[in-house]
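Student: Last residue of the sequence shown? That's 596 in this note's numbering, and every number before it is there in order.
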Amino acid sequence: MNIVLYEPEMPANTGNIGRTCVATNTRLHLIEPLGFKMNEKSRKRAGLDYWDKLDLTVYCDFQDFLERNPQARIYMATTKAKTAYTEVTYQPDDFLMFGPESRGIPEEILIAYAKTCVRIPMWGESRSLNLSNSVAIMLYEGLRQMGFPEMTMEGQLHKLHWK
Numbered sequence: 434m435n436i437v438l439y440e441p442e443m444p445a446n447t448g449n450i451g452r453t454c455v456a457t458n459t460r461l462h463l464i465e466p467l468g469f470k471m472n473e474k475s476r477k478r479a480g481l482d483y484w485d486k487l488d489l490t491v492y493c494d495f496q497d498f499l500e501r502n503p504q505a506r507i508y509m510a511t512t513k514a515k516t517a518y519t520e521v522t523y524q525p526d527d528f529l530m531f532g533p534e535s536r537g538i539p540e541e542i543l544i545a546y547a548k549t550c551v552r553i554p555m556w557g558e559s560r561s562l563n564l565s566n567s568v569a570i571m572l573y574e575g576l577r578q579m580g581f582p583e584m585t586m587e588g589q590l591h592k593l594h595w596k
């Protein structure tokens with residue numbers, strides 16, 4: 434699968450999402466401008482010591498992303514959608530797109546993708562969830578639907594053994 438971050442602002446969120454992408458063999462796409470520098474010092478501060486294992490592509494803007502991924506089936510995550518993220522049947526090459534932490538995906542883009550806008554249901558007056566949590570929720574739903582392809586489904590205890 435593919436995670437797309439449109440103009441992400443917080444390096445810690447991007448770092449958490451990058452770690453999730455490495456753990457799930459998911460591509461990460463970043464659409465500039467970024468709210469942080471991609472230099473070595475910034476990556477280390479954000480906990481990105483595994484960044485070399487990440488399948489990452491950076492785009493100069495949304496148009497660049499579209500031109501380089503012309504057949505992309507993109508699900509736009511937004512608190513304004515009427516469709517829950519669980520009502521979608523995800524495919525291995527789908528793109529899950531998330532907007533910047535402070536403002537979300539621009540409405541002009543949402544309108545163009547109205548049929549593929551999805552939301553994570555929330556209770557009460559909650560405005561939104563943390564970006565990295567939202568990515569993990571939606572990504573793992575897609576992976577669950579596909580049977581967690583090629584992912585480890587068992588673990589070992591450190592000292593004891595499972596019966």
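Beta carbons: idealized from backbone N, C-alpha and C, even for Gly.
1. Using alpha carbons as the reference points, say which of 457, 468, 512 lies closest to residue 557.
2. Which value, in whole angstroms, describes the spacing of the CA atoms of residue 467 and residue 506?
3. Any contact of the stretch 453-460 with the stretch 483-496, i.e. 3+ C-beta pairs under 8 Å?
4. Terminal residues of the continuous alpha helix (DSSP H) containing residue 501?
5. Enumerated in chain order, which unbroken segments of the alpha helix (DSSP H) with a length of 4 residues or greater are wholly contained in the stretch 521-571?
6. Under 9 Å between the Cβ atoms of residue 529 and residue 435?
7. Taking just the CA atoms, how far does residue 596 sit from residue 444?
8. Do residue 510 and residue 567 have their C-beta atoms closer together than 9 Å?
9. Residue 553 and residue 498 look like a contact to me (Cβ under 8 Å); what is the Cβ gap, rounded to whole Å?
10. I need the DSSP call for residue 518, collapsed to helix, strand or coil.
11. Report back the beta-carbon spacing between residue 523 and residue 579 to the nearest angstrom; my notes put them in contact at under 8 Å.
Tutor: Well, looking at it:
1. Nearest of 457, 468, 512 to residue 557, Cα basis: 512.
2. A direct Cα-to-Cα measurement between residue 467 and residue 506 gives close to 23 Å.
3. Result yes; three or more Cβ-Cβ pairs closer than 8 Å.
4. Here the alpha helix (DSSP H) through residue 501 covers 495-501.
5. Counting only runs of 4 or more, we get 540-545.
6. Taking 9 Å as the Cβ cut-off, residue 529 and residue 435 qualify as a contacting pair.
7. If you take the alpha carbons of residue 444 and residue 596, they lie about 42 Å apart.
8. One thing to note: residue 510 has its Cβ within 9 Å of the Cβ of residue 567.
9. The distance from the Cβ of residue 553 to that of residue 498 is about 23 Å, inconsistent with a contact at the 8 Å cut-off.
10. The three-state secondary structure of residue 518, taken from DSSP, is helix.
11. The distance from the Cβ of residue 523 to that of residue 579 is about 7 Å, consistent with a contact at the 8 Å cut-off.
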